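Enquirer:
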Amino acid sequence: MKASLVIENIKTLVTVRGGEMPRTGKAQGQAGIIENGVVAVKDGKIIFVGEGDLPEGIEISEDTVVIDGSGKTVTPGLIDCHTHLVHGGSRENELAMKLEGKGYLEILAAGGGIHSTTKATENATSQELYEKAWKSLQTMLGFGVTTVEAKSGYGIGSFETELKQIEVANKLNQDHPVDILPTFMGAHAIPAAYKENPDQFVDKLVNEMIPHIAENKLAKFCDVFCEEGVFSVDQSRRIILAAKKNGLIPKIHADEIVSLGGAELAAETGCISAEHLIGASDQGIKDMAEADTIAVLLPGTSFNLQKNGARARDMIQAGVPVAVSTDYNPGSCPSENLQLMMTLASLTLKMLPEEVITAVTLNAAAALGISDHTGSLEIGKNADIAIFDAPNLDYMIYHFGINHTDKVVKGGKVVFEK
Ligand code: IZC
Ligand code: ZN
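The numbering used here applies: residue 836 is where the sequence shown begins, and numbers increase by one.
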């Protein structure tokens, strides 16, 4: 069999192999590392992963792209499973407010925060949103990312703007080498018009918006910001159950700022993942472990909000599968750099390098329901591969704030080169 692409002499090959189930407990820290590794690809799929030379039966021909992995670390393409990719404008005006001690929820309650991004998103044309998000995707790809989740949520009551964001995400998925999975997040803030009657807005989400998104297959997931002053636990439950009933996979922004019981709700309702979890309770962590809810931790956000990070160690110990993502958004984490989040996960959440790489590959894929075909380097999976100019995983995480990417392969093709 002739390989279309081979990466050989790989100093550190991080496979994260072992199937499609997310890794928990000790296994989260076992990333299947091979020294002096080799990977072969054909028809966009991985046909061999191992040590030393290619086995008999897999050949290099004139047409094979051969990449020298000497001195490099090779991992599954990174997966950014929580982003607010498509939006207008930016919020650098909030920096001085934050330094003066104004809280995220205070800025939101005063009509800023998410509401200011909503205005900018409403005012932007689809083309403008597309070009801005394209630029971010290029940046993400350059950091080794091959799959991105993208939430709507800057319509806040204007369903038209929500649809505009989702259409842009779907078009980007068609046009850009990075795969984009859209999430409907109409439940991101209470529109000003419903301030006195938020349940009426929940009625609209549940009875009109969610069914429309599901019927027209515009998004795979539905997300809700369960937070003090935003959607209560009861309102979030209604939204999650409506999503499930209509065939959308539920996710939840849980216990990001105030400890409300979002982790417990995620487990109770069978969300695929609960995200943030800075204030998750002991009970919430226990419930998530029992329900196999994936914890998506966002250390760039706790850093930006100058808060303690989520309790990753307790979660791993309890058997919760942990994923890590950027939360790229214009308010609480204006950075597309997933490599930086890997360092923050290590230094601020005390995650070990092998736990971290599992968190941004296989476990992130599982949080998106795509770990059957991506997220690890093993025979039969898509050839989504990141090649880093670093001798090992520890070095990559330790030497931080720079971009280690040398090349990125998506579906067997080199789509980024330094
Ligand atoms: O625009 O502030 N946390 N939603 C919930 C966000 C952060 C995004 C934003
Ligand atoms: Zn978010």
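Heads up, the beta-carbon is just placed ideally off N, CA and C, and yes, glycines get one too. Fair warning: this is a prediction, and the values are worked out from it, not measured in the lab.
Give a yes or no on whether the C-beta atoms belonging to ILE1192 and ALA862 are separated by under 7 Å.
Expert: no
Enquirer: For PRO857, count the other beta carbons within 10 Å of its own beta carbon; 16 or more makes it buried, fewer makes it exposed. Which is it?
Expert: buried
Enquirer: Could you give the distance in angstroms between the alpha-carbon of TYR1163 and the alpha-carbon of THR1136?
Expert: 9 Å
Enquirer: So who's on the other strand from LEU840, going by DSSP bridges?
Expert: VAL876 and VAL900
Enquirer: Alpha carbon to alpha carbon, how far is ALA1049 from GLU997?
Expert: 14 Å
Enquirer: So the candidates are GLU929, LEU972, VAL1157 and ALA1115; which of them puts its Cα closest to the Cα of LEU1203?
Expert: VAL1157
Enquirer: Closest Cβ-Cβ distance between ALA931 and chain C: below 7 Å?
Expert: Protein chains in the displayed structure number just one, and chain C is not present.
Enquirer: Check whether the Cβ atoms of GLY1064 and MET1020 sit closer than 7 Å, and answer yes or no.
Expert: no
Enquirer: Hey, SER971 and PRO1165 are a contact pair by Cβ (cut 8 Å); roughly how many whole angstroms apart?
Expert: 10 Å between Cβ atoms; not a contact.
Enquirer: Where GLU1190 and LEU920 are concerned, what is the direct C-alpha to C-alpha distance, given to the nearest angstrom?
Expert: Distance from the CA atom of GLU1190 to the CA atom of LEU920, rounded to whole angstroms, is 25 Å.
Enquirer: Helix, strand or coil, according to DSSP, for MET1044 in the structure here?
Expert: helix
Enquirer: Under 6 Å from any heavy atom of ligand 2, does the C-beta of ASP1162 make it?
Expert: yes
Enquirer: Return helix, strand or coil for THR1183, following the three-state DSSP convention.
Expert: helix
Enquirer: In three-state DSSP terms, what is VAL1191?
Expert: helix
Enquirer: Taking Cβ positions, are VAL940 and GLU984 nearer each other than 7 Å?
Expert: Note that residue 940 is Leu in the sequence shown here, rather than Val. Cβ atoms of LEU940 and GLU984: not closer than 7 Å.
Enquirer: Given ALA1054, which residues of its chain have a CB within under 7 Å of its CB, disregarding the five upstream and five downstream residues?
Expert: Here the set comprises ILE1001, PRO1017, THR1018, PHE1019, ILE1048 and LEU1083.
Enquirer: What residue from VAL1159, LEU1184 and THR1183 has the CA that sits closest to ASN1172's CA?
Expert: VAL1159
Enquirer: Please tell me whether MET1044 and PHE994 are closer than 7 Å, where the distance is taken between their beta carbons.
Expert: yes
Enquirer: To the nearest angstrom, how far is the alpha carbon of TYR1230 from that of PRO1134?
Expert: 19 Å
Enquirer: Give every residue of the same chain whose Cβ lies closer than 8 Å to the Cβ of VAL1041, excluding the five residues on either side of it in the sequence, and list them in chain order.
Expert: ARG1073, ILE1074 and ALA1077
Enquirer: Going by DSSP, name the residue or residues bridged to PHE978.
Expert: Looking at the DSSP assignment, PHE978 forms no beta bridge with any residue, so it has no partner.
Enquirer: Any heavy atom of ligand 4 inside 6 Å of the beta-carbon of LYS1086?
Expert: You won't find ligand 4 in this model; what it holds is ligand 1 and ligand 2.
Enquirer: Which residues in the same chain have their Cβ closer than 7 Å to the Cβ of LEU1112, if we skip the five residues on either side of it in sequence?
Expert: ALA1089, ASP1090, ALA1098, ALA1130, LEU1132 and ALA1145
Enquirer: Runs of 4 residues minimum, wholly inside the segment 1057-1130: which ones carry the alpha helix (DSSP H) assignment?
Expert: Listed in chain order, the complete alpha helix (DSSP H) runs (minimum 4 residues) inside the segment 1057-1130 are 1068-1081, 1097-1104 and 1117-1126.
Enquirer: Would you mind reading off the limits of the alpha helix (DSSP H) that contains PRO1012?
Expert: Going by DSSP, PRO1012 is part of no alpha helix (DSSP H) at all; its letter is neither H nor E.
Enquirer: In whole angstroms, what is the alpha-carbon distance linking LEU1187 and LYS1142?
Expert: Separation of LEU1187 and LYS1142 (C-alpha to C-alpha, rounded to the nearest whole angstrom) is 21 Å.
Enquirer: Closest to VAL849 by CA distance: which of GLY912, ALA1115, PRO1046 and ALA1126 is it?
Expert: GLY912
Enquirer: Taking the alpha carbon of LYS1245 as the point to measure from, which residue in ILE868, SER961, VAL876 and ILE1025 has its own alpha carbon closest?
Expert: VAL876
Enquirer: Let me check understanding here. Comparing Cα to Cα, which of VAL873, VAL1093, ASN1051 and PHE1066 lies closest to GLY1114?
Expert: VAL1093
Enquirer: Are the segment 894-912 and the segment 1218-1235 in contact at 8 Å, needing three or more beta carbon pairs?
Expert: yes
Enquirer: Once you ignore the five residues that flank HIS950 on each side, which residues in its own chain have a CB closer than 8 Å to its CB?
Expert: Closer than 8 Å at the Cβ level, and outside the excluded window around HIS950, lie LEU943, ILE991, ALA1024 and ALA1027.
Enquirer: Any heavy atom of ligand 1 closer than 6 Å to the beta-carbon of PHE1060?
Expert: yes
Enquirer: Starting from LEU1053, trace the alpha helix (DSSP H) both ways and give me its first and last residue.
Expert: No alpha helix (DSSP H) holds LEU1053; DSSP gives it neither H nor E.
Enquirer: Need the endpoints of the beta strand (DSSP E) that GLN937 sits in, please.
Expert: As written in the sequence, residue 937 is Lys, which differs from the Gln given in the question. Here LYS937 belongs to no beta strand (DSSP E), and DSSP marks it neither H nor E.
Enquirer: Alpha carbon to alpha carbon, how far is ALA1210 from ASN1238?
Expert: The identity of residue 1210 in the sequence shown is Gly, whereas the question assumes Ala. Cα to Cα, the separation comes out at about 21 Å.
Enquirer: Answer yes or no: do GLU923 and ALA955 have a C-beta to C-beta separation smaller than 7 Å?
Expert: The sequence shown places Gly at residue 923, not Glu. Going by C-beta atoms, GLY923 is nearer than 7 Å to ALA955.
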